[in-house]
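The structure under discussion appears below in the form of structure tokens.
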Amino acid sequence: FFSFSALMSAFVDLFGEDLTSAEGLVKTADALAGKVVGLYFSAHWCPPCRGFTPKLAEWYKKDLSAKGFEVVFVSSDRDQEAFDEYFAEQPWKALPFAERAKKDALSKKFKVSGIPTFVILDADGKVITADGRGAVSADPTGQDFPWRPPTFAEALGDSFVGQGGEKLGKSAVQDKVLGLYFSAHWCPPCRGFTPKLAEWYKTVKPKLPDFELVFVSSDRDQGAFDEYFAEMPWLALPFENRKAKESLSSMFEVEGIPSFVIVDKDGSTITTSGRGIPQMDPEGTNFPWHPPAVKDVAGDTAGLNSSVCLLALMEGADAAAVDAVRAAMKPLAEEYNAKAKASGDDPEFLFYVGGPSSKGICSRIRSLCNCPCPLTKHEHPLEPKEGRGGWGCDGCGEGGGDEKRHRCDNCDFDFCEKCNSEAKDPNDVTIPVTILLLDLPDDGGYYLGKDVETTTAGFKEFLDKYTSKTLERKQAS
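The numbering of the sequence shown is the UniProt record's numbering, which starts it at 1 and goes up by one.
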């Protein structure tokens with residue numbers, strides 16, 4: 001009984017007590033008991049949605065419903081009337097249109113950036129695949145229901161190619177940290193990066209017996225693959241294994257090349273943004289390159305747009321002060337990361353500091369959140385110059401046109417007339433430490449941490465207030 005209750009509470013937590021159906025309201029727990037559930041984010045005004053909905057309805061009625069599959073429509077329609085008209089075409093359940101807060105929470109939780117999006121959940125509410133549209137379109141009769149994606153080991157397979165075309169088996173990569181290099185000969189940025197990666201590999205490989213690199217080719221034919229792979233000192237997936245290439249590209253959401261993904265020995269992802277590792281760690285000292293629990297905003301901004309982020313903007317502080325705040329954040333960051341790994345979800349919060357080396361990105365974040373620093377003079381003298389369009393002020397962030405500007409060519413730095421006149425000597429200015437919770441996925445929301453103690457307990461109290469919804473939400477500009 002406890003297990004069943006716990007499973008049902010996952011769907012009730014997501015959707016609330018009731019769902020809408022053609023017959024009226026139904027209890028969420030009853031409607032979804034024991035079901036695999038597809039969350040269908042869609043809207044009547046969206047042409048791709050109107051194209052996909054009839055197909056999904058046909059597949060649902062013909063095969064999928066009988067297999068224990070239920071769909072919940074999560075509407076992005078503009079009003080109740082449009083929702084009613086569109087839902088009348090659909091043979092499944094829906095989140096009541098009035099539940100706009102739950103709709104927003106679902107979109108945020110599942111990182112919905114466009115529609116139609118079809119996310120498939122297992123019976124305890126955990127994500128099976130975020131690409132449900134692709135999975136169901138490829139298998140509309142549900143032969144592979146519930147469309148669980150392969151594990152990393154299954155996707156990778158057990159056939160590899162070594163130098164000179166040598167055929168290798170699973171032992172070539174077993175118990176190793178793997179770098180997956182998604183690349184192609186026809187891609188100019190790839191051809192520029194490959195020689196650098198090869199030199200780095202030759203440097204670090206003798207020191208790192210537990211590391212191997214595998215080329216995942218996007219070449220157009222076997223000949224191009226052979227020519228390109230001849231330049232590489234590592235392994236490759238066989239070119240003919242296109243299924244593995246597609247599975248890995250989907251698994252790691254590879255949208256462009258070159259891409260360098262690092263995977264741990266247990267198949268868990270260390271980073272999908274490994275392209276900068278050879279430059280940042282030329283000797284392989286930081287192997288296996290796990291991202292730090294507390295990141296620097298200058299080095300890794302990927303999470304700022306997709307997650308709730310706790311930031312300490314400290315561009316005026318010295319290194320010791322920045323390190324102290326980083327150390328205070330670290331236990332919390334590690335705690336949330338551990339919870340996420342155990343549950344298979346993304347961390348609830350990401351943690352960042354911005355020190356003196358992060359002035360540029362810190363300035364942009366401050367401008368976004370209306371908490372600017374006092375303007376200080378540039379480190380080099382600025383020369384008056386005429387504007388020629390296309391420039392922007394590095395003080396206020398406003399775009400420049402033909403008006404006069406004050407410029408440092410060496411640093412590509414500009415002040416508008418107003419900022420140049422207001423800028424003070426750095427020795428006369430104290431740059432404040434600013435604590436922010438940045439929630440850009442929530443339509444650009446943020447929360448200013450007033451009087452937050454820069455201790456582990458202080459940061460935890462701030463996060464607890466966010467979780468309990470007792471902080472004042474502000475809108476980023």
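Each residue gets a CB set at the ideal place from its N, CA and C atoms; glycine is no exception. Bear in mind that the values here come from a model prediction, so they are computed numbers and not experimental data.
Beta-bridge pairing of G157 - partner residues as DSSP gives them: Numbered from its first residue, the sequence shown carries residue 157 at position 157. Beta-bridge pairing links G157 to no other residue.
Identify whether K265 lies in helix, strand or coil by the three-state DSSP scheme. Here residue 265 is taken as the residue at index 265 of the sequence shown, counted from 1. Here K265 sits in coil by DSSP.
Supposed contact pair E154 and L178 - C-beta distance, whole angstroms, cut 8 Å: As a position in the sequence shown, residue 178 is number 178, starting the count at 1. As a position in the sequence shown, residue 154 is number 154, starting the count at 1. Not really, about 14 Å apart at Cβ, beyond 8 Å.
Helix, strand or coil: how does DSSP classify S5 here? Within the sequence shown, residue 5 is the residue found at index 5, counting from 1. For S5, the pLDDT reaches just 46, beneath the cut-off of 50, and the residue's location in the model is therefore unreliable, although a value from the coordinates is still provided. It is helical.
Under the three-state reduction of DSSP, which class applies to C362: helix, strand or coil? Locating residue 362 in the sequence shown gives position 362, where the first residue counts as 1. Helix at C362.
So what does DSSP say about T301, is it helix, strand or coil? Residue numbering aside, residue 301 sits at position 301 when the sequence shown is read from its first letter. T301: coil per DSSP, three-state reduction.
From the DSSP secondary-structure annotation, give me the bridge partner or partners of T376. As a position in the sequence shown, residue 376 is number 376, starting the count at 1. DSSP lists K424 as partners of T376.
How would you write the range of the beta strand (DSSP E) that P384 sits in, first residue to last? Taking the first residue of the sequence shown as position 1, residue 384 is located at position 384. Counting along the chain, the beta strand (DSSP E) containing P384 begins and ends at 383–385.
Less than 9 Å separating the beta-carbons of T248 and V216? Counting from 1 along the sequence shown, the entry for residue 248 is found at position 248. Counting from 1 along the sequence shown, the entry for residue 216 is found at position 216. With the sequence shown as reference, residue 248 is identified as Leu, and Thr is not the correct amino acid for it. A contact, by the Cβ cut-off of 9 Å.
Could you tell me which uninterrupted alpha helix (DSSP H) segments, each at least 4 residues in length, are contained entirely in the UniProt domain "Thioredoxin" (159–299), listed from first to last along the chain? 188–204, 222–229, 242–251, 277–280
According to DSSP, is G354 helix, strand or coil? Indexing the sequence shown from 1 puts residue 354 at position 354. DSSP places G354 in strand when its eight states are reduced to three.
Thinking C-alpha only, which one of G401, D318, A293 is nearest L350? Reading the sequence shown from its first residue, position 350 is the one you call residue 350. Nearest option by C-alpha distance: A293.
What are the start and end residues of each continuous alpha helix (DSSP H) run of 4 or more residues lying completely inside the segment 123–147, in chain order? 132–138
From which residue to which residue does the beta strand (DSSP E) around F69 run? Within the sequence shown, residue 69 is the residue found at index 69, counting from 1. Where F69 is concerned, the enclosing beta strand (DSSP E) stretches over 69–75.
Output the distance between the C-alpha atoms of M232 and K330, rounded to the nearest integer angstrom. Position 232 of the sequence shown, counted from the start, is the residue given in the question as residue 232. Position 330 of the sequence shown, counted from the start, is the residue given in the question as residue 330. Those two C-alpha atoms are separated by around 38 Å.
What's the gap between the Cα of L438 and the Cα of K385? Residue mapping note: residue 438 aligns to position 438 of the sequence shown, counting from 1. Residue mapping note: residue 385 aligns to position 385 of the sequence shown, counting from 1. Approximately 37 Å, taken between the alpha carbons.
Specify the secondary structure class of K460 as computed by DSSP and reduced to three states. Stepping through the sequence shown from its first residue, residue 460 is reached at position 460. It is helical.
Q475, DSSP secondary structure in three states: Residue 475 sits at position 475 when you count from the first residue of the sequence shown. If DSSP states are grouped into helix, strand and coil, Q475 belongs with the strands.
Cβ distance (whole Å) where W289 is taken to contact G299 below 8 Å: Within the sequence shown, numbered from 1, the residue matching residue 289 stands at position 289. Within the sequence shown, numbered from 1, the residue matching residue 299 stands at position 299. Incorrect: roughly 12 Å between the Cβ atoms, too far for contact.
Kindly indicate which three-state DSSP category C419 falls into: helix, strand or coil? Within the sequence shown, numbered from 1, the residue matching residue 419 stands at position 419. Of the three classes helix, strand and coil, the one that applies to C419 here is helix, per DSSP.
Give a yes or no on whether the C-beta atoms belonging to V12 and K93 are separated by under 9 Å. To locate residue 12, count along the sequence shown from 1; it is residue 12. To locate residue 93, count along the sequence shown from 1; it is residue 93. No.
CA-CA distance, D412 and G389? Counting from 1 along the sequence shown, the entry for residue 412 is found at position 412. Counting from 1 along the sequence shown, the entry for residue 389 is found at position 389. Each residue's alpha carbon lies about 14 Å from the other.
Report the rounded CA-to-CA distance for L19 versus K265, giving the unit in angstroms. Taking the sequence shown and counting its residues from 1, the one referred to as residue 19 is at position 19. Taking the sequence shown and counting its residues from 1, the one referred to as residue 265 is at position 265. One C-alpha to the other measures close to 43 Å.
Figure out for me which residue from S363, P209, Y86, D131 has the closest Cα to the Cα of A312. On the sequence shown, position 312 is the one that residue 312 refers to. Closest option to A312, Cα to Cα, is S363.
Whose C-alpha, out of P150, S171, L156, is nearest the C-alpha of K245? Residue numbering aside, residue 245 sits at position 245 when the sequence shown is read from its first letter. For the residues P150, S171, L156, the minimum Cα distance to K245 belongs to L156.
Is it a yes or a no for the segment 397–408 touching the segment 463–474, going by three-plus beta-carbon pairs under 8 Å? no
Answer with buried or exposed for T28, where buried requires no fewer than 16 other C-beta atoms within 10 angstroms of its C-beta. One-based indexing of the sequence shown puts residue 28 at position 28. Buried is the call here.
C-alpha distance - D425 paired with Y352, whole-angstrom precision: Indexing the sequence shown from 1 puts residue 425 at position 425. Indexing the sequence shown from 1 puts residue 352 at position 352. In this model, D425 and Y352 are separated by some 28 Å (Cα to Cα).
Can you give the beta carbon distance from L106 to N305, rounded, assuming they're within the 8 Å contact cut? Working through the sequence shown from its first residue, we reach residue 106 at position 106. Working through the sequence shown from its first residue, we reach residue 305 at position 305. Contact between L106 and N305 does not hold, since their C-beta atoms are separated by about 19 Å, which reaches or exceeds 8 Å.
Stretch pair the segment 278–288 + the segment 195–208: three plus CB contacts closer than 8 Å: Remark: three or more beta-carbon pairs, one from each stretch, lie closer than 8 Å, so the segment 278–288 and the segment 195–208 are flagged as touching.
For P381, which residues in the same chain have their Cβ closer than 8 Å to its Cβ, ignoring the five residues on either side in sequence? Here residue 381 refers to the residue found at position 381 of the sequence shown. The answer, listed in chain order, is C408.
Counted within 10 angstroms of its Cβ, other Cβ atoms place A457 as buried (16 or more) or exposed: As a position in the sequence shown, residue 457 is number 457, starting the count at 1. By the neighbour-count rule (16 or more Cβ atoms within 10 Å), A457 is not buried but exposed.
Contact between the segment 220–238 and the segment 252–262 is defined here as three or more beta-carbon pairs at a separation below 8 Å; is this criterion met? Verdict: no, contact absent.
On the criterion of 16 or more Cβ atoms from any shown chain inside 10 Å, does P347 qualify as buried, or is it exposed? Working through the sequence shown from its first residue, we reach residue 347 at position 347. By the neighbour-count rule (16 or more Cβ atoms within 10 Å), P347 is buried.
Could you say which of F459, D428, N427 lies nearest to I435 if we only look at CA atoms? Taking the sequence shown and counting its residues from 1, one reaches residue 435 at position 435. It is F459 whose Cα lies nearest to the Cα of I435.
With DSSP as the reference, identify every bridge partner of D318, one or two as the case may be. Taking the first residue of the sequence shown as 1, we reach residue 318 at position 318. Paired residue(s): none; D318 is not in a bridge.
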